[in-house]
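In this text, residue positions in the sequence shown follow this note's numbering: the first is 15, and each later residue adds one.
Where is the CB? At the ideal position from N, CA and C, for every residue including glycine.
This one's a predicted model, so the numbers in the text were calculated from it and none came from an experiment.
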Amino acid sequence: MNQNALRRIAINFSSIIIAILSVVTAVAQAADPATMRQYQMVKADSGEGYVAVIKEAPVPTPAANEVLVRIKAVSLNRKDIYAIEGSRGTGKATPGLSISDGAGDVAAIGSAVTRFKVGDRVVGGFDREWVDGKHAGYKPREGLLSEYALITEQTLAHMPDSMSYEDAATLPCAGVTAWTSYFVEDDVKAGDFVLLEGTGGVSIFGLQLAAAIGAKPIITSSSDAKLAKAKALGAIATINYRNTPDWTAAVREATGGVGVVNVLEVGGKDTLPMAIKSLKTGGHIALIGGLSEGGFERSTPEDLLKPFNARLTHIYTGSRTDLENLVTFVTEHKIEPVIDRVFPFEEAMAAYDYLESERFFGKIVIKVAE
Ligand SMILES: NC(=O)c1ccc[n+]([C@@H]2O[C@H](COP(=O)([O-])OP(=O)(O)OC[C@H]3O[C@@H](n4cnc5c(N)ncnc54)[C@H](OP(=O)(O)O)[C@@H]3O)[C@@H](O)[C@H]2O)c1
């Protein structure tokens with residue numbers, strides 16, 4: 015063999031080695047690391063209370079019925095404020111804090127998992143066990159403010175390629191709550207008047223879902239600028255509850271005196287009596303939250319409901335099936351969840367502050383990874 019032939023063989027051999035090395039490097043880069051970043055509560059330096067910080071933690075291994083999800087985005091809900099406020103005093107919080115709503119990719123599956131494979135795009139259900147039917151007691155899981163998280167297979171839902179992780183992350187609590195209030199606990203139809211209180215996560219989903227089926231949403235807010243945005247999303251009437259603290263007459267007027275068939279009641283003690291008086295005969299109060307000064311109203315005011323022959327149901331988000339039905343509905347109706355702002359993972363605490371400020375409209379998202 016001459017020198018040139020030997021040189022050619024050497025060049026080809028080194029090209030093959032370089033190619034193999036680059037494949038090995040790419041695989042190593044794509045492989046999941048052994049540790050991850052995760053928000054946890056730790057004792058504050060001052061010694062007073064606890065603070066949420068990013069810690070390095072081992073990437074967990076899924077049990078038989080669990081899926082390890084590489085979290086891409088999470089969304090905040092009002093309950094996350096209550097949870098972190100409590101944790102600041104006690105230090106008690108699950109790793110990843112209390113955050114229930116998130117979306118990402120399947121990184122690994124437990125030995126008994128059949129509905130998912132590695133690489134699937136998924137969105138986490140609110141509860142640890144609730145698959146279908148009526149709620150049977152909340153089973154929380156670890157929080158999702160973490161680069162990886164374990165979610166039980168039975169409460170995880172698939173999400174379509176057309177949906178962004180940010181959009182999917184807004185659905186499990188706020189979106190599903192509006193969904194069950196209209197279509198599981200009620201039968202809201204095109205032409206029906208419905209009432210939304212304020213422009214937070216649940217109410218803006220309520221507005222979008224109602225507009226999508228041709229119902230007629232009426233909405234209240236403390237801000238005219240937010241009401242203008244609500245109008246652009248399909249509200250047929252808007253009421254500023256700062257200027258009109260008792261809005262019953264204004265709502266009834268907007269319905270031509272008929273009243274609304276459904277109220278997503280998020281205000282609580284202060285708003286519930288007005289909500290009932292805004293109903294059409296036979297209407298439905300979906301009792302959801304307690305944002306007003308008076309807090310949550312847990313009793314059922316039969317004396318107020320009776321004259322309207324009205325019904326009140328206690329809403330508790332929804333099951334995995336409700337989440338799947340919502341994912342399908344949002345996709346078919348091309349609904350874009352309203353995301354006010356996306357915060358980077360490192361600025362998650364600023365996202366909590368922004369939620370508390372009530373300056374936002376719709377949902378607040380934290381991007382965990384690209
Ligand atoms: N039962 C369940 O399954 C369930 C599920 C989800 C949420 N919730 C509860 O439902 C409530 C709403 O949740 P969310 O996530 O939609 O909250 P959110 O996004 O934090 O909503 C905040 C917005 O609510 C409005 N608001 C505040 N006080 C109000 C009042 N007195 N009357 C009317 N609107 C008022 C404000 O809108 P403006 O700035 O426009 O005035 C504020 O920006 C919370 O109490 C939450 O804990 C319950």
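(Q) So, under 8 Å CB-CB, Gly-273 and Gly-297 are touching, yes? Tell me the CB distance rounded to an integer number of Å. (A) 6 Å
Q | heavy atom of ligand 1 below 7 Å from Asp-119 C-beta | A | no
Q | Tyr-255 versus Gly-105, Ile-233, Thr-314, residue with shortest Cα-Cα distance | A | Ile-233
Q) Cβ-heavy atom distance between Val-280 and ligand 1 below 7 Å? A) yes
**Q.** Endpoints, the beta strand (DSSP E) within which Lys-294 is located
**A.** 293–301
Q | Span separating the alpha-carbon of Phe-140 from that of Pro-231 | A | 26 Å
(Q) So for Lys-320, helix, strand or coil by DSSP? (A) helix
Q. Could you give the distance in angstroms between the alpha-carbon of Val-132 and the alpha-carbon of Pro-186?
A. 22 Å
Q) Can at least three beta-carbon pairs, one atom from the region 110–125 and one from the region 137–156, be found at a separation below 8 Å? A) yes
**Q.** Spatial neighbours of Tyr-179 in its chain, beta-carbon cut-off 7 Å, leaving aside the 5 residues before and after
**A.** Lys-86, Ala-87, Ala-117, Gly-118
Q: Report yes or no: do three or more beta-carbon pairs, one from the region 315–333 and one from the region 153–166, lie closer than 8 Å?
A: no
Q | Beta bridge counterpart(s) of Lys-69 as assigned by DSSP | A | Gln-52
Q. Can Asp-115 be considered in contact with ligand 1, in the sense that its beta carbon sits closer than 7 Å to one or more heavy atoms?
A. no
(Q) Pop quiz: Val-198 and Gly-332 are said to be a contact at Cβ under 8 Å. What is the actual Cβ separation, rounded to whole angstroms? (A) 7 Å
Q) What number of angstroms, rounded off, separates the C-alpha of Gln-43 from the C-alpha of Thr-213? A) Confidence at Gln-43 is low in this model, with a pLDDT of 41, below 50, so its placement is unreliable and the value that follows should be read with caution. If I take the Cα positions, the gap works out to 42 Å.
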